[in-house]
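In our numbering, the protein residues as written are 198 to 1379.
Each residue gets a CB set at the ideal place from its N, CA and C atoms; glycine is no exception.
Note that the structure is predicted; figures quoted are calculated from it, not measured.
The block underneath contains the structure these notes are about, expressed in structure tokens.
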Amino acid sequence: MSRRQYPFHLIEPKWQAKWDAEQTFRAFNPGQPVPDGHPFGIRHSLAGKSPASAELPRKFYILDMFPYPSGAGLHVGHPEGYTATDILARYRRAQGFNVLHPMGWDSFGLPAEQYAVKTGQHPRKTTEENISNFTRQIKSLGFSYDWSREVATTDPEYFRWTQWIFLQIYNSWFNLETNRAEPISTLKYPTELQGKDPLPRVQADQQAGPAPAPNLEARRRAYRDSKRLAFVSEAPVNWCPELGTVLANEEVIDGKSEVGGFPVVRKPMRQWMLRITAFAERLLADLDTIDWSDSLKEMQRNWIGRSEGAEVEFQIPNSKFQIRVFTTRPDTLFGATYMVLSPEHALVKEITTKEHAEAVKRYQQFAAGRSDLERTELAKEKTGVFTGAYATNTVNGEKIPIWIADYVLASYGTGAIMAVPAHDTRDFEFATKFNLPIIQVVQPPDPSIDWQGFTDEGTSVNSGFIDGLPTAEAKKTITAWLEEKGLGKKTINYKLRDWLFSRQRYWGEPFPIVWKRDAAGNLQHEAVPEKSLPVLPPVLDDYKPTADGQPPLARAQEWVQLKSGAVRETNTMPQWAGSCWYYLRYLDTANGRRFASREAERYWMGSERTAGMVPLIQAVEWPKIARNLTERAFDDGKRPPFAVEFSRVSDDLAARIRQLCGEDVSDFRHSLDVYAVRHAFREHGIGPLEATRGNIAITIEDIERLPEILEHPDSVSFDDVHKPGCKRFVITKRINGIIFVVEEEKSRRGQLQVVTFWKKKATARDVTTRAPLSNTSENDRRSEATKSTDQSAVKPTPGVDLYVGGTEHAVLHLLYARFWHKVLYDLGHVSTPEPFFKLVNQGLILGELEFFAFAPSGRLPEGFVSSELVKDIKEQAGTLVGTHKATGETMVGRKLSGHEKDVEKRGEHFYLKLQSQIRVEARSFKMSKARGNVVNPDEVVREFGADSLRLYEMFMGPLQDTKPWNTNGVEGVYRFLGRVWRLFIDEKAETAFEQAETTTPAPTDELLDILVLNGAISDMAAAPAQLKALHACIKKVTEDLDGMRFNTAISAMMVFVNEANTWQTRPLPLMRTFLQLLAPFAPHVAEELWSRLHSTFGQVAPSLIYAPWPKFDPSLLVESEIEIPVSVNGKLRDLIRVATDADSSTLEAAARSAEKVKPYLEGKTVKKVIVVPRKMVNIVVT
RNA sequence: GCGCAUAUGGCGGAAUUGGCAGACGCGCUACUUUGAGGUGGUAGUGGGGUAACCUGUGCAGGUUCAAGUCCUGCUAUGCGCACCA
198 MSRRQYPFHL
208 IEPKWQAKWD
218 AEQTFRAFNP
228 GQPVPDGHPF
238 GIRHSLAGKS
248 PASAELPRKF
258 YILDMFPYPS
268 GAGLHVGHPE
278 GYTATDILAR
288 YRRAQGFNVL
298 HPMGWDSFGL
308 PAEQYAVKTG
318 QHPRKTTEEN
328 ISNFTRQIKS
338 LGFSYDWSRE
348 VATTDPEYFR
358 WTQWIFLQIY
368 NSWFNLETNR
378 AEPISTLKYP
388 TELQGKDPLP
398 RVQADQQAGP
408 APAPNLEARR
418 RAYRDSKRLA
428 FVSEAPVNWC
438 PELGTVLANE
448 EVIDGKSEVG
458 GFPVVRKPMR
468 QWMLRITAFA
478 ERLLADLDTI
488 DWSDSLKEMQ
498 RNWIGRSEGA
508 EVEFQIPNSK
518 FQIRVFTTRP
528 DTLFGATYMV
538 LSPEHALVKE
548 ITTKEHAEAV
558 KRYQQFAAGR
568 SDLERTELAK
578 EKTGVFTGAY
588 ATNTVNGEKI
598 PIWIADYVLA
608 SYGTGAIMAV
618 PAHDTRDFEF
628 ATKFNLPIIQ
638 VVQPPDPSID
648 WQGFTDEGTS
658 VNSGFIDGLP
668 TAEAKKTITA
678 WLEEKGLGKK
688 TINYKLRDWL
698 FSRQRYWGEP
708 FPIVWKRDAA
718 GNLQHEAVPE
728 KSLPVLPPVL
738 DDYKPTADGQ
748 PPLARAQEWV
758 QLKSGAVRET
768 NTMPQWAGSC
778 WYYLRYLDTA
788 NGRRFASREA
798 ERYWMGSERT
808 AGMVPLIQAV
818 EWPKIARNLT
828 ERAFDDGKRP
838 PFAVEFSRVS
848 DDLAARIRQL
858 CGEDVSDFRH
868 SLDVYAVRHA
878 FREHGIGPLE
888 ATRGNIAITI
898 EDIERLPEIL
908 EHPDSVSFDD
918 VHKPGCKRFV
928 ITKRINGIIF
938 VVEEEKSRRG
948 QLQVVTFWKK
958 KATARDVTTR
968 APLSNTSEND
978 RRSEATKSTD
988 QSAVKPTPGV
998 DLYVGGTEHA
1008 VLHLLYARFW
1018 HKVLYDLGHV
1028 STPEPFFKLV
1038 NQGLILGELE
1048 FFAFAPSGRL
1058 PEGFVSSELV
1068 KDIKEQAGTL
1078 VGTHKATGET
1088 MVGRKLSGHE
1098 KDVEKRGEHF
1108 YLKLQSQIRV
1118 EARSFKMSKA
1128 RGNVVNPDEV
1138 VREFGADSLR
1148 LYEMFMGPLQ
1158 DTKPWNTNGV
1168 EGVYRFLGRV
1178 WRLFIDEKAE
1188 TAFEQAETTT
1198 PAPTDELLDI
1208 LVLNGAISDM
1218 AAAPAQLKAL
1228 HACIKKVTED
1238 LDGMRFNTAI
1248 SAMMVFVNEA
1258 NTWQTRPLPL
1268 MRTFLQLLAP
1278 FAPHVAEELW
1288 SRLHSTFGQV
1298 APSLIYAPWP
1308 KFDPSLLVES
1318 EIEIPVSVNG
1328 KLRDLIRVAT
1338 DADSSTLEAA
1348 ARSAEKVKPY
1358 LEGKTVKKVI
1368 VVPRKMVNIV
1378 VT
């Protein structure tokens, strides 16, 4: 091994042990005693006290996604997110927050069970071994977790509460009137099940003979059970034979299991389901209240799949049957030329004629036998058969045939469709194949477009009373007509299905459910009493399913059969159950009476410190859209910009506000108006300002009547809004106690507008929430530079303040957890409707860049073919495979190594150096064991130390981006830490230390005492240039941490160190402050140098972890003279040095007389001079 | 097919309000320290040109005194969804 840059191998374990022993990172709950001497207590004057919520500093809950402790251990992707959260946790601690930063294990899972099936080893043993390996690896990276709060879902004291929450769900129903979950006891029975009358009149004629009273109770029970949020269903489920279990919709991708990629088939089975669909609307609407990435929100929206349309009844003549269909295009009703039922539809057997019975039956069997995979893969070819039956088109009385086809899904809508082949791609394909009539009912706006297969909006034709109406109007008109005639109604449908919640596995939470026979001998489910929780899984010696296909738990008959005669449920819960609520257990892990105490829940999850404000809802919009629309509207030359109708408060938003505070804002215009109008005015120089339409929530007049309407201290005048330098404006308006705050701010990706609706609790003056949603507003930092270094710049947020993890959980964990949280919220167990306020997705880390050259398969290695001759290049079995464009031969990519690897880039592509006409493929792949490109963090730590790994993970690029690993890059940050080290440590002492280390048989950290401080460090006043370097660094690091731009923060520290290296003297206070900046990123080396720095100068080192974060002094950063560029006709010609505050005329004069500028002005006429003070001068000549 | 995102040196990436493109790191080149160097230090490094200078942010247009940044249209890559009526 090469010489170490510094003795990280001794430093890192030393400080990790110290933090462990001191419990440095313990987060204190309200009411918990803070031990004497704990640095948190010392910082906040709470030593020896048991502070209540109000006495504790503000909370900051920063969470990593729950890892599954796999046998493979960590790879470098894990520590990326963990490092980011750890840096922020340490930063927030230094800022004075009470930081909750926990870690634990989502430890139920298939691999341990599969290993148990194979070897008979209990999955708990495998799980515990894996957990201890993960713990060792994570601890070796020095993360500041509060390990006293570690949880594992497999711990009975944990899953006791998972089972308890399941019972809460089981004992609830969804009240559509209140739009929330309520205890099952509030469920009202329909009239026929009410009272004592055992024979309701409605049913009297259907029911033969008088029914005994127990029958009523049984029917009530059936009704009750059908309304529970956890219910039993017999519907077809996703059965994965390979895994031997059923799967939720979310776990099936392209007809294959998400885990393992095995085929999945539909199979009817009795299963537990959770009624997540009841929450679809709220899961959708509340996305607007949380700060997640747009792409993630979009994924959830897509998964929920809300679509508005109408349900329409179609009569089958001469029968008692009718078919109900769902359509999003009721305007195309006149074009419905046939109908299709899904093969499983209940009416199929009723309506099929004798002649077609045989064919229909055969088709049903064919469809049932096809797996989802086959159905999607063969989607190109439509199949189906005619039933022989006809229906009447509701709008025009036409007789249309009824078919069955498996392109219609039983589980979506009503399982039946009206087919409009002219304007639906699938119907068009089907009709073409089976020669069904195609009638045009929509005229495309562009007449040159073929109407056949045109699925966009246009104008209705051949459609009776809606002819000539644009699609939107046509929909409204015909829906109203249908409702009036009682033939249909407006309906909203969701793609989201109920959550299939049981698994045929051993290694999961047993259901707290038993089955008992009722008087009629039917099995009925019943909750296990709370006091018998947790229900533990039985001990087995064989973990396979039983021979007759029952789950493994059924093997333990003595466990299944209770003395009472009841039997236990033998399914177990899916892995997602435990991760649905783990963030709540962290709040109060040791609590044996509740999943977390109310006080702890309110302190960590609530937002009580919002100065009397509760955020009701937040909407984020991109004004770009608004601008486009505005400009487009302008292009047609007719409409003024402010009449554009795009910015009403959306229906969902309005509904949400109505629900929360009873205020109807559905007629309000969105704040986008302000922006769009402002923009349009500026662009076109139109004035004065006037709104031409009413019902605008925040109107131009409102802004002008500022004194009356805007009494908020943060409000700015309309002029300020216009001012080019004003990047952010805040407008508030109060209506019936609700404060509407419109904020515009700059995000990383562009202009972002945030509308916050606050419900006010206290006086108007309390409503000061200047800090932005994401804590990143540049404007805030500029205007309140000194403030931004402490807590006041951070807006209090409800729920988890920051959650970091990969996108792989976008529709699984994140949807399920939101659902459970809403149930708990409705039932009053938690105080926020959403669990995770801000969520950031870390990007994938790919393996190192690899080069491939193609050769015909079988003829490797000679005869490389340039890659532009290869088409359809795909990754396959660890390499690249394609087809030769000319010969059609299969071409295989060979990974280049050794000197073959020498490539050069010409233009867009890479070519071999030795055979320069051969173009090669360059790609980074996802790390995988199969490719052998996995980087093991243990090795990186061994060679470069944990601090280097942490630093490199952050230095690679923005957290959210996908980026390739490059081990050379680790060396770069490692060298940086070496330079930091030598900035502080005397070189001669270092040599002595190294000699001592090689001669000592078992070196310990005591050897570190040989090291002495670099003589350049002394307790003296810093020179102005030194202070400036430091404060520039403080500013940059602080701002970048607020914006989670770790890469640029690190480069700012590198700049500082590069400069400090040139100094003859290194003043102690300055160097001390620098270590505080470095500490969140590289905590071990910072601690070591911090302690050495203090001991050398005879001081007792205060806790680095809890030392207040340094503030920068803007006055130190002011330059008296600056260099500004001068260009002529936009081309840079010279730089001039001028006083910072030089005015325009001074600048212009200096620019005109600049040495290199003069020649360009000679003999030319100066047409215009643009001077931007402090920035640049541009001289326009002709 | 639909939706979203991204595109800057040999590589990872900076450039936060339209105002000096390429910060910082890797790599490369030269010098230097050293008995030695897979160490440290110094200097250089977008491309072309001896130079003045020219040119340059995926491609083609546009707006502007000024565009990596704004607009329009392409192309490529990545991600998500995919018979959802």
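> Which of the three DSSP states, helix, strand or coil, is assigned to ALA808?
Replying inline: Any reading at ALA808 needs caution, since the residue's pLDDT is 33, under 50, leaving its predicted position unreliable; the model's value is listed next. In this structure, ALA808 counts as coil in the three-state DSSP scheme.
>> So the candidates are ARG1371, ASP695, SER1324 and TRP778; which of them puts its Cα closest to the Cα of VAL1378?
In response: SER1324
> Is GLU908 helix, strand or coil when you go by DSSP?
Replying inline: Below a pLDDT of 50, predicted positions are generally treated as unreliable, and GLU908, at 36, falls in that range; no measurement from the model is reported.
> With DSSP run on the structure shown, which of helix, strand or coil describes MET1250?
Replying inline: helix
>> Here's the rule I'm using: 16 or more other beta-carbon atoms within 10 Å means buried, otherwise exposed. How should GLU209 be labelled?
In response: buried
> When DSSP labels each residue in this structure, what does PRO1277 get in the three-state scheme?
Replying inline: coil
> Assuming THR549 contacts GLY585 under a Cβ cut-off of 8 Å, what Cβ separation, rounded to an integer in Å, is found between them?
Replying inline: 6 Å
>> Suppose the cutoff is 7 Å on Cβ atoms and the five residues either side in sequence are ignored; what does the same chain contact list for PRO598 look like?
In response: TYR535, PHE583 and TYR587
>> Suppose the cutoff is 7 Å on Cβ atoms and the five residues either side in sequence are ignored; what does the same chain contact list for ARG201 look like?
In response: none
> Which stretch, first to last residue, makes up the beta strand (DSSP E) that contains PRO210?
Replying inline: Unbroken run through PRO210 is the alpha helix (DSSP H), 205-219; no beta strand (DSSP E).
>> Which complete beta strand (DSSP E) runs does the region 1308-1360 hold, if anything under 3 residues is left out?
In response: 1318-1325 and 1328-1336
> Roughly how many angstroms lie between the CA atoms of ILE1042 and LYS672, to the nearest whole one?
Replying inline: 48 Å
> Quick one: what does DSSP say TYR367 is sitting in, helix, strand or coil?
Replying inline: helix
>> Taking only three categories from DSSP, how would you classify THR375?
In response: coil
> Going straight from the alpha carbon of ALA1279 to that of LEU1286, what length do you get?
Replying inline: 11 Å
> Are at least three pairs of beta-carbons, each pair with one atom in the region 692-701 and one in the region 435-455, less than 8 Å apart?
Replying inline: yes
> For the putative contact between TYR604 and LYS579, defined by C-beta atoms under 8 Å, what is the C-beta separation to the nearest angstrom?
Replying inline: 6 Å
> How big is the Cα-Cα spacing for ASN372 and VAL1138?
Replying inline: 55 Å
> What residue ranges within the region 1072-1149 form continuous alpha helix (DSSP H) runs of no fewer than 4 residues, ordered along the chain?
Replying inline: 1134-1141
> Does the pairing of the region 705-712 with the region 360-370 give three or more beta-carbon distances under 8 Å?
Replying inline: yes
> Which residue spans inside the region 652-704 form an unbroken beta strand (DSSP E) run of at least 3?
Replying inline: 685-690
>> To test your reading of the DSSP string, which unbroken alpha helix (DSSP H) runs of 4 or more residues are found completely within the region 505-585?
In response: 545-548, 551-566 and 569-574
> Roughly how many angstroms separate the alpha carbons of GLY1025 and GLU1045, rounded to a whole number?
Replying inline: 50 Å
> If you draw a straight line from the C-alpha of ASP643 to the C-alpha of ASN593, how long is it?
Replying inline: 28 Å
> In three-state terms, what does DSSP make of GLN772?
Replying inline: coil
>> Do ALA281 and LEU1156 have their beta-carbon atoms positioned less than 8 Å apart in this structure?
In response: yes
>> So, at 6 Å on beta carbons, what are the nonlocal neighbours of ARG700 in its own chain, with the 5 sequence-adjacent residues on each side left out?
In response: THR442, THR769 and PRO771
>> Suppose the cutoff is 6 Å on Cβ atoms and the five residues either side in sequence are ignored; what does the same chain contact list for PRO540 look like?
In response: GLN561, ALA564, ILE601 and ASP603
> Who does ASP488 pair with in a DSSP beta bridge?
Replying inline: LYS1035
>> So TRP500 and LEU1012 are supposed to be a Cβ contact under 8 Å. How far apart are they, rounded?
In response: 7 Å
> THR486 and GLU1086: beta carbons closer than 8 Å?
Replying inline: no
> Is it true that the CB of TRP358 sits closer than 8 Å to the CB of ARG782?
Replying inline: yes
>> Going by DSSP in three states, HIS722 sits in which element: helix, strand or coil?
In response: strand
>> Using only the alpha-carbon positions, how far apart do SER776 and GLY683 sit?
In response: 46 Å
>> Tell me the rounded alpha-carbon separation between ASP1206 and LEU750.
In response: 59 Å
> Where does PRO465 land, buried or exposed, given buried means 16+ other C-beta within 10 angstroms?
Replying inline: exposed
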